[in-house]
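*Asks:* Residue 350 in my numbering sits at position 342 of the sequence shown, with consecutive numbering throughout.
Glycine is no exception: its CB is placed at the ideal position from the N, C-alpha and C atoms.
Just so we're clear, the structure is a prediction, and the values are computed from it rather than from any experiment.
Provided herewith is a single structure, encoded as structure tokens, for subsequent inquiry.
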Amino acid sequence: MQNQPDGLEPERLLVFEVTGSVTDFAKAVNRIDGLMFAGEDLLDPDELDDDPQVYLLVPDRTALEQIVNLWQRWQRGMDLPKGFAPWRNLFLRLRDIRPWGPGDRVRPLDQSLLLEAVEDAGQDELIRLECELVFRTGADAAAIAQNVVAAAVMNAGGQVVSAARHSAFSYDAMLIDMPRDEVRRIAQLHAETLADLDPILSIMPQSMSTTVEEGETEAVTPDEMEAPLDEPVAAIFDAVPLQSHPWISDWLILSDPYDLQALSVGPRIHGTAMASVIVHGDRNINSQAIGRKLYFRSVMYAPAPNGFGVLPERFQDDRLIIDLMIEAVMTMRQEGFDDIVIVNISLGDANKKYGGRMSAWGRALDYLSYRYGLLFIVSSGNISSSLNLNGYVHPDDFNDANCDDKKSAVLSALDEVKADRRILAPAESINCLTVGAWHKDGMAEVQLPYGRFRPFPDCEMPNISSALGHGHKSGIKPDILLPGGREHIILSPAAPPASIRPQAQGTRFGGIRVASPPVVGQPQDQSTWIIGSSPAAAYATHTAHRLYEVLEREYGELFTDLPNQQKAVLLKALVAHPASWQGADKFITATKFPVPANWDQMRREVARHLGYGFVSPHDAVSCAGDRATLWASGRLGPQQAVEFSVPVPDDFSRSADTRSVKATLAWLSPTRPGHQAYRACKLRVIPLSDNSKHALGVSPIVEPPWTQTEAGTLIHRQWSGQAFGHMGAGGTISLQIQREKDQGPVLDDAIPFGLVVSVGMNEVAREN
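See below:
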């Protein structure tokens, strides 16, 4: 029994709709001979799902019918047969037991999206859908299932556009065109449609990318910079850029095997902007550009405007996005770009919010990162819908409120709809670094126009459109927050209740400044301001690249000779290392929990918004003057541990100034799609011993709960204090990391890790 249907055969699958705690349900399951979970620690209930479901694969259809009959007998108030008493405790915790069916293949969100597509389509128009099949390991069984689905599509008047199968991460899918009326029947879960076909796991709209919106533009002056010559170590997969723009033209190596440039007759906004941020960071700031070429793989294009204006950039229409990602990585390696270890994907599927089940895109990135030694830096996604301000009947009431009441109202409004504002695929990938948008940029504060205001004027917070966590098994996602432009809020003048919406376009009042395509009547070389998690992820990519250059310059072959997997995880740890909540937890906790609740629950709610916290790109690259920063990289075999000796500044024993120790551990894990133990390998940072804490004069600082931080592949540990240490001159502390027992069959692979440790004191400069 497990809580995700991936890899299970629907013809032998029972769905258990649970009331109350999934953990309590698991205990009832374990009291029944022949039924068992892989382990309660492996359950992954969606903590925002009021109707959790778990799945039981039975030996055959006869067993399935026996369990359903037993449940129906119980529902009629009849006594259970002799020997079935333990089932009573199980049934008390259930709302329903039923065979896997149409409502599981077409989930509620997808039903509504499909019905919207039907309303927008013409009578004779075909609608493009993605259809994922139940993954079958045997080639013959898979071929039979594919043929069954293809025949059903054709019999309904549709056609198969493309198909892809990738056994490495249990993916088998088709891109299909279906008649408008048939799509309506599928969305309405009619029998004898694809929704009722056993080989199908899920049916959904075609992947649709998130976009950025540009506002006003400003002409740019070409930079006088030397063109970089060195081969790239970073790549970006994005929409066809404006290659001729002077801010990016000297850096780009474009790969466009399907000639998407020819289709890109609309404004090339997204790819141009993301390339600009990766190369320069925020052009509001005069910062250093990256010193190498940037590999750019086109995976989207800008279609021609229609009668209603500019259309958003879109994925290649006739390919599954998963297939495009796999091919993009393989082509990059085949073209000889073996040194690339950083890949930016400032994209997301607007139709796929995370809801407890790993997306195929997330599974693909997890596989690719481990297989090819790549750090994928991914945007968390943006949710730009309006928020109702309950408690404020009229907009004027909100306008007249004081600052504290306003910001509490905004956060409360966000909290009420948090289930609808979750990260977008592939941001839940466990191996990638997921980046949300910090309400920050390099522009000076100015007076805002009437009707716009700052949501959180006196504390650091994410933009309200930045998608929320959590991730897989309620782990930390987004991992970190980087500047994504100051997103101002517009108060709606409409009828009550009062509502607000984020200003999607950057302006001269807030936003990350980037290269932009020209507009009619303006010079060719333009810039604009953008907002969102996309530029935030691009900024993280810029930061990772700058860190690569620092390590290359300072450590030479000690760093450059590392295998790609180890470079990738070391950069992942270094980018995330400066992250902290910067006091925002106090505001979030006070607003969400006016009456204090369980400590762990409160910290998890903070982490939903902040992840590990805010990262200043400058701080990540330069390291503050009061720290000594050490790094290590290696590999750990099964249940292996390694101990590091960390030197401690002598002033730890001579001063009562605040001192801190921070450790960040990152790794890449193989995955097991279709199993409860999706993440195959878990690493840990062992807490400092009591003797070490006493000698240092520090205590643990817990931001996200430690149990939550151990659900992914990135761990922070912090200790701080003001007590005199007792270390003595030349002292060291021991810091140990270890690989836990593998979650499932033991893997012989040695797992790559990167560890970053910093020690520091206020007011005292340290060098290492």
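Just reading off the beta strand (DSSP E) that K670 is part of, what are its end residues?
*Replies:* Its beta strand (DSSP E) spans residues R667 to W675.
*Asks:* How is L383 classed by DSSP in three states: helix, strand or coil?
*Replies:* Strand.
*Asks:* Measuring only the C-alpha atoms, how far is K448 from G493?
*Replies:* C-alpha separation (whole angstroms): 5 Å.
*Asks:* In the DSSP assignment, the alpha helix (DSSP H) including N97 goes from what residue to what residue?
*Replies:* Run containing N97: A93 to F99, per the alpha helix (DSSP H) assignment.
*Asks:* In angstroms, rounded to a whole number, what distance separates the CA positions of G733 and S766?
*Replies:* Computed Cα separation, rounded: 17 Å.
*Asks:* Select from I539, Y380, R692 and I508 the residue whose C-alpha is nearest the C-alpha of D750.
*Replies:* Of I539, Y380, R692 and I508, the residue nearest in Cα terms is R692.
*Asks:* Any chance the CB of G363 is under 7 Å from a heavy atom of the ligand NAP?
*Replies:* With respect to the ligand NAP, the structure offers nothing, as it holds no ligand at all.
*Asks:* List the endpoints of the continuous beta strand (DSSP E) containing L456.
*Replies:* Counting along the chain, L456 falls outside any beta strand (DSSP E), and DSSP gives it neither H nor E.
*Asks:* Would you kindly check if the distance between the Cβ of A671 and the Cβ of R725 is under 8 Å?
*Replies:* Contact flag set, yes.
*Asks:* In terms of residue numbering, what span does the beta strand (DSSP E) encompassing E124 cover?
*Replies:* Unbroken run through E124 is the alpha helix (DSSP H), P116 to D128; no beta strand (DSSP E).
*Asks:* Could you spell out the range, first to last residue, of the alpha helix (DSSP H) harbouring Y179?
*Replies:* First-last for Y179: Y179 to P187, but that is the beta strand (DSSP E), not the alpha helix (DSSP H).
*Asks:* Alpha carbon to alpha carbon, how far is L397 from G477?
*Replies:* Straight-line Cα distance between these residues: approximately 22 Å.
*Asks:* Can you check which of these residues, K485, P434 and K701, is closest to S354 by C-alpha distance?
*Replies:* The option with the nearest alpha carbon to S354 is P434.
*Asks:* Are the beta-carbon atoms of L441 and V583 separated by less than 8 Å?
*Replies:* Yes; because the gap between Cβ atoms is below 8 Å, this pair is in contact.
*Asks:* Could you round the C-beta distance between F761 and L704 to whole angstroms and report it? I think they count as a contact, below 8 Å.
*Replies:* In fact, because the Cβ distance is near 24 Å, the residues do not count as touching under 8 Å.
*Asks:* Leaving aside the five residues before and after E25 along the sequence, list all residues of the same chain whose C-beta is less than 7 Å from its C-beta, in chain order.
*Replies:* Result list for E25: D59, Q61, L102, R103 and D104, in chain order.
*Asks:* Helix, strand or coil for F45, going by three-state DSSP, please let me know.
*Replies:* A caution first: F45 carries a pLDDT of 49, below 50, which makes its placement in the model too unreliable to give a value.
*Asks:* Between the C-alpha atoms of I638 and S742, what's the straight-line distance to the nearest angstrom?
*Replies:* Going by the sequence as given, residue 638 is Leu instead of Ile. Between L638 and S742, the C-alpha separation is close to 13 Å.
*Asks:* Short of 7 Å in beta carbon distance, which residues of its chain neighbour M233, apart from the five on each side in sequence? Order them along the chain.
*Replies:* Same-chain partners within the cutoff: A297.
*Asks:* For S175, which three-state DSSP category applies?
*Replies:* The answer is helix: DSSP assigns S175 an H, G or I state.
*Asks:* I'd like the list of long-range same chain contacts for S295, defined as Cβ closer than 7 Å, with 5 residues on each side in sequence excluded.
*Replies:* Once the five neighbours on either side are set aside, the close Cβ partners of S295 are H288 and G289.
*Asks:* With DSSP as the reference, label D757 as helix, strand or coil.
*Replies:* Coil at D757, not helix or strand.
*Asks:* Counting C-beta neighbours from all protein chains within 10 Å, is the total for D267 16 or more, i.e. buried, or is it exposed?
*Replies:* So D267 ends up on the exposed side.
*Asks:* Exposed or buried, which one is T145 when buried takes at least 16 other CB atoms within 10 Å?
*Replies:* Exposed, because fewer than 16 other Cβ atoms sit within 10 Å of the Cβ of T145.
*Asks:* Taking only runs that begin and end inside the segment 534 to 606, name each unbroken beta strand (DSSP E) of 3 or more residues, in chain order.
*Replies:* Fully enclosed beta strand (DSSP E) runs of 3 or longer: 534 to 538.
*Asks:* Once you ignore the five residues that flank I348 on each side, which residues in its own chain have a CB closer than 7 Å to its CB?
*Replies:* Cβ within range, chain order: P240, V241, A242, A243, Y303 and M340.
*Asks:* State the Cα-Cα distance for the pair G519 and R643, rounded to the nearest angstrom.
*Replies:* Distance between the alpha carbons of G519 and R643 is about 41 Å.
*Asks:* When you compare each of A688, H683, E495 and N314 to I759 by their alpha carbons, which one comes out closest?
*Replies:* The residue with the shortest Cα to Cα distance from I759 is A688.
*Asks:* Can the beta-carbon of T782 be found less than 8 Å from the beta-carbon of F177?
*Replies:* Residue 782 lies beyond the stretch modelled for the chain, which goes from 9 to 776, so this question has no answer here.
*Asks:* What are the boundary residues of the beta strand (DSSP E) that F245 is part of?
*Replies:* Where F245 is concerned, the enclosing beta strand (DSSP E) stretches over A242 to A247.
*Asks:* In whole angstroms, what is the alpha-carbon distance linking P236 and A445?
*Replies:* Cα to Cα, the separation comes out at about 29 Å.
*Asks:* Taking 8 Å as the threshold (C-beta atoms), are A312 and E321 in contact?
*Replies:* Cβ distance not < 8 Å, so E321 and A312 don't count as in contact.
*Asks:* So, are the CB atoms of L209 and V273 less than 8 Å apart?
*Replies:* No, the pair does not count as a contact, with Cβ atoms beyond the cut-off.
*Asks:* Which same chain residues end up closer than 6 Å to P94 when comparing Cβ atoms and leaving out the 5 residues on each side of it in sequence?
*Replies:* Cβ within range, chain order: R39 and I40.
*Asks:* Does DSSP put C411 in a helix, in a strand, or in coil?
*Replies:* It is helical.
*Asks:* Find the nearest neighbour of S394 within the set Q744, Q511, R193 and P491, judged by alpha-carbon distance.
*Replies:* Cα-wise, what sits closest to S394 is Q511.
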